[in-house]
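Undergrad: Pasting a structure below so you can have a look.
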Amino acid sequence: MKVLYNGDFIEKKDAHVDIEDRGYQFGDGVYEVIRVYNGTLFTLKEHTERLFKSAKEIGIHLQSTVSDMEEKLKQLVTENQLTDGGVYIQVTRGVAPRKHQYAESLTPKITAYTFQVKKPVLEQTAGAKALLSEDLRWLRCDIKSLNLLYNVMEKQKASEVGAFEAILVRDGFVTEGTSSNVYAVIDGVIRTHPATNLILNGITRRKLLEVCAQQGCSVDETRMSKEELLRAQEIFISSTTAEVVPIIEIDGQPVGEGVPGEITKRVQQGFQEKIKQESKASISS
Ligand code: PDD
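So in numbering that gives the first Met the number 0, the last spot in the sequence shown is 284, and the numbers never skip.
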């Protein structure tokens, strides 16, 4: 198994993190998770552009270009002969003696590897449970930063009671999940938080909004209150690895009829078609 290690492809067992890497010590870095379908990196450009944007937002200046990075990631998938799975890529500010402030001259450390993905087929078809949690994260959730401590804590709480996701609520309004975006169908309209600093503008979210537009579903990117969420007829979440998962129970209460809703299923299907179209398109181009 090969990994991308600062520009080179090396064996995973030979890749080591310096104990003074700022990513390791401060979570000082950014990352992306990209899905591979049919040997093709799905929405590669969008993910790579978001990685560069996240890096720029925290003052990490990458020397390479988006297209160089895309080529490296494609090469990694080829090296590992990955057909179905994912790629994790991370950029840290670099290695330096530990102190909070940093020198601008540090060289960012870029690493990437491939992994297998277990599609949550059961949850996708039968639906999943969620919990509500308070959103106590910082106010730059639009940056895909390595600092995931609060997300990890709340996901763990959900997991311990058999829930698939914790849906976060800030000041009475639903923001997103710990590792997903959240949507509710309220009176036939799909509501989701606008792409502000309070959420990560998911690549899957962007694709789903395209799917909805093509299907003629109405979408309202206006934040919803916790009460509106709890009254919704349907709820679903989206992410790179989970794709689209219906939420059928929140805090022990059924959502709508307690089964995946019709609009959710239509969006799910539209997304699967998009994956097929775009994976084929990039193979033949
Ligand atoms: N998480 N919101 C948060 C907080 C996330 O961590 C993620 C993704 C999303 C969905 O984004 P996208 O559709 O681009 O995957 C929303 C990734 C998958 C992770 O950390 O594993």
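Ideal Cβ placement from N, Cα and C applies to all residues, glycine included. All of these numbers come straight from a predicted model, not from anything done at the bench.
Spatial neighbours of P96 within its chain, please: CB distance less than 7 Å, with the 5 preceding and 5 following residues excluded, ordered by chain position.
TA: E19
Undergrad: Is the beta carbon of Y149 less than 9 Å from the beta carbon of Y112?
TA: no
Undergrad: State the start and end residues of the unbroken beta strand (DSSP E) segment that holds D250.
TA: Premise fails: D250 is in no beta strand (DSSP E) and is neither H nor E.
Undergrad: Exposed or buried, what is N196 when buried is set at 16 or more other beta-carbons lying within 10 Å of its beta-carbon?
TA: Its Cβ having fewer than 16 others within 10 Å, N196 is exposed.
Undergrad: Report yes if the CB atom of R34 is closer than 9 Å to the CB atom of V116, and no otherwise.
TA: yes
Undergrad: With a CB to CB cut of under 6 Å and the five nearest residues on each side skipped, what residues in its chain are close to L228?
TA: V173 and A183
Undergrad: In this structure, how does DSSP classify F8 when only helix, strand and coil are distinguished?
TA: strand
Undergrad: Going straight from the alpha carbon of Q123 to that of V243, what length do you get?
TA: 7 Å
Undergrad: Quick check on the burial criterion: 16 or more other C-beta atoms within 10 angstroms. Buried or exposed for L72?
TA: buried
Undergrad: Would S237 pass as a contact of G260 if the rule is Cβ separation under 9 Å?
TA: no
Undergrad: For G38, collect the residues of the same chain with a Cβ closer than 6 Å to its Cβ; drop the 5 residues on either side in sequence, then sort them by chain order.
TA: T82
Undergrad: In chain order, what are the residue ranges of uninterrupted beta strand (DSSP E) at least 3 long that sit wholly in the segment 17-97?
TA: 28-36 and 84-91
Undergrad: Closest to I166 by CA distance: which of I185, H192 and D141 is it?
TA: H192
Undergrad: Considering only DSSP beta bridges, list what P245 is partnered with.
TA: F235
Undergrad: Do V218 and V181 count as a contact pair if the criterion is CB distance below 9 Å?
TA: no
Undergrad: Label L145 either buried or exposed according to how many other C-beta atoms from any shown protein chain fall within 10 Å of its C-beta, with 16 as the threshold for buried.
TA: buried
Undergrad: Return the chain-ordered list of same chain residues with a C-beta closer than 8 Å to the C-beta of E10, the five sequence neighbours on each side being excluded.
TA: M0, K1 and V2
Undergrad: How is S278 classed by DSSP in three states: helix, strand or coil?
TA: helix
Undergrad: Report the partner residues of A127 according to the DSSP bridge assignment.
TA: A127 pairs with I246.
Undergrad: What does DSSP give as the partner residues of A212 in its beta bridges?
TA: Partner(s): none; A212 has no beta bridge.
Undergrad: N150 by DSSP, collapsed to three states: which one?
TA: helix
Undergrad: If we call anything under 9 Å between Cβ atoms a contact, is E143 one with L50?
TA: One point to set straight first is that residue 143 is Lys, not Glu, in the sequence displayed. Yes, Cβ-Cβ distance for K143 and L50 is below 9 Å.
Undergrad: Report the partner residues of K143 according to the DSSP bridge assignment.
TA: DSSP output for K143 lists no bridge partner at all.
Undergrad: In this structure, does DSSP put K1 in helix, strand or coil?
TA: In the three-state scheme derived from DSSP, where H, G and I count as helix and E and B as strand, K1 is classed as strand.
Undergrad: Does the Cβ of I202 lie closer than 8 Å to at least one heavy atom of the ligand PDD?
TA: yes
Undergrad: My assumption, with CB atoms under 8 Å, is that T42 sits in contact with K206. Please give the rounded CB distance.
TA: 7 Å
Undergrad: Hey, could you find the ends of the alpha helix (DSSP H) S225 is sitting in?
TA: Here residue 225 turns out to be Lys, not Ser, going by the sequence shown. Note, K225: alpha helix (DSSP H), K225 to R230.
Undergrad: Is V243 near the ligand PDD, judged by its Cβ being under 8 Å from some heavy atom?
TA: no
Undergrad: Report the CB separation of D356 from V94 in whole angstroms; it is logged as a contact under 8 Å.
TA: Not covered by the structure: residue 356. The range shown for the chain is 0 to 284.
Undergrad: Under a three-way DSSP split, which group does R169 fall into?
TA: Strand.
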